[in-house]
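> Per the numbering used here, residue 887 is the first one in the sequence shown, and the count goes up by one each step.
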Amino acid sequence: MTQPNSTILSLAEQQMLRADATLGSGNFLDRCHALNPARAVEFLFLDIPITLPDGATYRAFSLETLIEARRTLARWYLTHDVTPGDVVAVCVTDGIAPFLHYLALTSLGAAGAFVNPAMPPDTAAAYIEKNGFARIVSDARVLQRTGLAGRLPTGCELIDCSFAGASQVATLPSWWPHKPEDSTLVMLSHTSGTTGIPKAVKFEHRQFFMGKRARIGQFVESDDERLLSALPQSHSAAISHLETAVLLGVPTYVLGTPVGAAVRMALLAFKPTTVAAFPQTYASLVQSGVAPGEFSTVRRWFSMGDAAHESHTRRILAGAPNSRFIDAFGSSELGMALFRKISTAAEIAPRRSVGRPVDVAIAKVLDAATGDEVSAGRVGLLAVRAPTLTPGYWREPEITAKAWRGGYFLTGDVGFCKDGDFYLIDRAVDVIASPVGPLYTLLLEEEVQQVAGVCDVSVVGVDAADGSCVFALVLPDRLDAAHTQSLGQDVWTALHEAVKANGAALAPDAVTVAIAGDSSSFPVGATGKVLKRKLRERFATMSAALADGDKPPAGIVYLTNGLATVRRSALDGSNRNAKVSYRGSMSAHVY
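#1: Using 9 Å as the threshold, is the C-beta distance between Val1322 and Ala1358 below it?
#2: Using a Cβ-Cβ cut-off of 6 Å (strictly less than) and excluding sequence neighbours within five positions of Ile960, which residues of its own chain qualify?
#3: With a threshold of 7 Å on Cβ separation, who are the neighbours of Gly1292 within its own chain once the five nearest residues in sequence on each side are excluded?
#4: Given a threshold of 16 other Cβ atoms within 10 Å of its Cβ, counted over all protein chains shown, does Val1452 qualify as buried or as exposed?
#5: Report the start-end ranges of each alpha helix (DSSP H) in the stretch 1143 to 1230 that is 4 residues or longer and not cut off at the edges.
#6: Using C-beta distances below 7 Å, list every residue in its chain close to Ile1014, excluding the 5 sequence neighbours before and after it, in chain order.
#7: Note down, one range per segment and in chain order, each beta strand (DSSP E) of at least 3 residues found wholly within the stretch 1309 to 1366.
#8: Keeping to the same chain, check which residues put their C-beta closer than 6 Å to that of Ser1069; ignore five residues upstream and five downstream.
#9: DSSP three-state call for Lys1415: helix, strand or coil?
#10: Buried or exposed: which applies to Thr937, given that a residue is buried once 16 or more other Cβ atoms fall within 10 Å of its Cβ?
#11: By Cβ distance, which residues of its chain are closer than 6 Å to Asp1342, with the 5 residues on each side in sequence left out?
#12: For His1121 and Gln1375, what's the separation of their Cα atoms in angstroms?
#13: Secondary structure at Lys1016, three-state DSSP: helix, strand or coil?
#14: Go ahead and pull the three-state DSSP assignment for Phe931.
#15: In the structure shown, what three-state DSSP assignment does Trp1290 receive?
#16: According to the Cβ coordinates, are Val1356 and Val1346 closer than 9 Å?
#17: Reducing DSSP to helix, strand and coil, say where Cys1047 ends up.
#18: Assign Ser892 to one of two classes, buried (16 or more other C-beta atoms within 10 Å of its C-beta) or exposed (fewer than that).
#19: By Cβ distance below 7 Å, which residues in the same chain neighbour Arg1031 in space, the five residues on each side in sequence not counted?
#20: Taking all protein chains shown into account, do 16 or more other C-beta atoms lie within 10 angstroms of the C-beta of Pro1158, making it buried, or fewer, making it exposed?
#21: Roughly how many angstroms lie between the CA atoms of Ala1289 and Ala1269, to the nearest whole one?
#22: Closer than 8 Å by C-beta to Pro984: which residues in its own chain qualify, once you throw out the five before and the five after it? Chain order, please.
#23: Is Cys1042 helix, strand or coil when you go by DSSP?
#24: How long is the line joining the alpha carbons of Ser1455 and Ser1174, rounded to whole angstroms?
#25: Any idea what DSSP makes of Met1484, helix, strand or coil?
#26: Using 8 Å as the cut-off, can you tell me whether the stretch 949 to 960 makes contact with the stretch 902 to 910, which would need three or more C-beta pairs spanning the two stretches below that distance?
#27: Taking 8 Å as the cut-off, is the beta-carbon of Tyr1168 closer than that to any non-hydrogen atom of the ligand SAM?
#28: Tell me the rounded alpha-carbon separation between Pro1003 and Arg945.
#29: If we ignore side chains and look at the alpha-carbon of each, how far apart do Leu1421 and Ala1272 end up?
#30: Expressed to the nearest angstrom, what Euclidean distance is found between the alpha-carbon atoms of Val927 and Ser1182?
#31: Taking 9 Å as the threshold (C-beta atoms), are Phe929 and Leu949 in contact?
#32: I'd like to check one pair, Asp1192 with Asp1215: are the Cβ atoms closer than 9 Å?
#33: Is DSSP giving Pro1118 helix, strand or coil here?
#34: So what's Glu1129 in DSSP terms, helix, strand or just coil?
#35: Taking the alpha carbon of Arg1238 as the reference point, which residue from Gly1082, Ser1197 and Thr1370 has its own alpha carbon closest?
#36: Suppose the cutoff is 7 Å on Cβ atoms and the five residues either side in sequence are ignored; what does the same chain contact list for Phe1049 look like?
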């Protein structure tokens, strides 16, 4: 039975939504507003208040105020001549703002091309120019922090949505809100940019909603359900989860700063039963420390995107011993997480497993050369088929065509299938070509993660004329001289043994470890994913600098085949030229 004043739809009401064949991402708000009897009860709660063009400031939303906010923002967009079929780039402060702009634009039959405000401004400008966006909406906070205004391509109009003072608004047309077709474009969401300038992924009214339709009747496990959305709120995964929350009436806390300290505060204050975040957010929570049982209200942890490291999963589950950690593997192109595996404190799922496809998906592992399905246990390219898949990349038909093989979409991942479970062992672009065969960086990372004292790690390879090199950047649990001394050697040994176990025989000086001073030493994209192409560039720069006797990039303890004893002052940056003592065949540097 639904609790009094609960905004959560009953199972019967959810089934009424499921029976609506025209329901989709372009009209869901009006349908659930008409159905939900608690439409005046606030259920979306914000850590960052938002002010709209009519001067109203919101710290929480009900379905009624959400409808009103959409109306106000849609009228504001009309003053800027937005019409059905338009695509408008949107780069606004994380929190509820991207979702509100999404609702307003779709109500006009337009689509938002959402840009994560954490994207480096030069990359954001290149992304906007590459995709031909004529207008970008942003706010004072983002513009001041990024300097994006001075980098926009010629001809791109900047529209400030800071809403300082009264704003002129237009009258809504009689047809508002727009009635979408199945193929109506509702959003463009960019990829992480791991291989270069991010690509713009298309989402349509019916296709994008297929993932939400699958959750109707299944997502809510109890009448006390409470969701913490700790995803980058401009990302399609965050938009998708907020659609689900609104559709089903799930009380939700919308977090605009999805990093360790902020996530911990939200967990303790809001007491969610379900958490949705990327693996990088869980890694930052682990880095800040997880006390046994401190998140006792959590029953489900959803990890989106890449599979989480086993060691992180164990530590997160320690904070909520009765919970499940659900790796929901997907990407922007997949439209929803199409694989899932479940871990509990008593039983952790196998390393690098992403589990089995969800019921709307079919998956295969294909031979890279022939495109044929490989036998069980053989490594190949992961390919999927599902109704949630993107119709393609915006204005990039050639790249769209290359992403498909025999009716299946290539995710860009390398893996294998064993006993019905799928395992992802690397991104295709990150595989190291060693003299005796491929080395998979994600497998190497899992081995390093088992070393005591390692909080996080990223491994890359560099293919050189005289052989391959393996480089690991490690974030320690703590940073002090004694810990760094032993950790560097332990990681180097584990990495070297892992390379040997995978069949490669690299020389000792071909395996290099760097201990990061803090998480900022990792080059990350807008979604927090480590950009391994940038890490390869960094390793090449460091190697060249060391060969010339110069300094590598700042903030790193650099070790090669040995261990270092480093003064504390060097680690905290107060003495950039501190001495480093060493023994064994090695070199070590602190900057």
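Every residue, glycine too, gets a C-beta built ideally from N, C-alpha and C.
Based on what the coordinates show:
#1: no
#2: The sequence given here has Ala at residue 960, not Ile. For Ala960, where only same-chain residues beyond five positions count, the Cβ hits under 6 Å are Ala990, Ser993 and Leu994.
#3: Gly1257
#4: Its pLDDT being 30, under 50, Val1452 is placed unreliably in this model, and the value from its coordinates should be taken loosely. Looking at its Cβ environment, which holds 16 or more other Cβ atoms inside 10 Å, Val1452 is buried.
#5: 1146 to 1156, 1165 to 1173 and 1196 to 1205
#6: Ala975, Ile1022, Leu1038, Pro1039 and Cys1042
#7: 1318 to 1320, 1323 to 1325, 1340 to 1350 and 1353 to 1362
#8: Glu1090
#9: coil
#10: exposed
#11: Ala1169 and Leu1361
#12: 39 Å
#13: helix
#14: strand
#15: strand
#16: yes
#17: coil
#18: buried
#19: none
#20: buried
#21: 9 Å
#22: Val976, Val978, Gly998, Phe1000, Gln1119, Ser1120, Ala1124 and Ile1125
#23: coil
#24: The pLDDT assigned to Ser1455 is 25, lower than 50, so where the model puts this residue is not dependable, and the model offers no usable value.
#25: Only positions 887 to 1477 of the chain appear in the structure, and residue 1484 is not among them; the question remains open.
#26: no
#27: Looking at this structure, you won't find the ligand SAM or any other ligand, since it has none at all.
#28: 21 Å
#29: 33 Å
#30: 26 Å
#31: yes
#32: First, the residue type needs correcting, since residue 1215 is Phe and not Asp in the sequence shown. Their beta carbons are under 9 Å apart, which means Phe1215 touches Asp1192 by this criterion.
#33: coil
#34: helix
#35: Ser1197
#36: Thr937, Leu938 and Pro939
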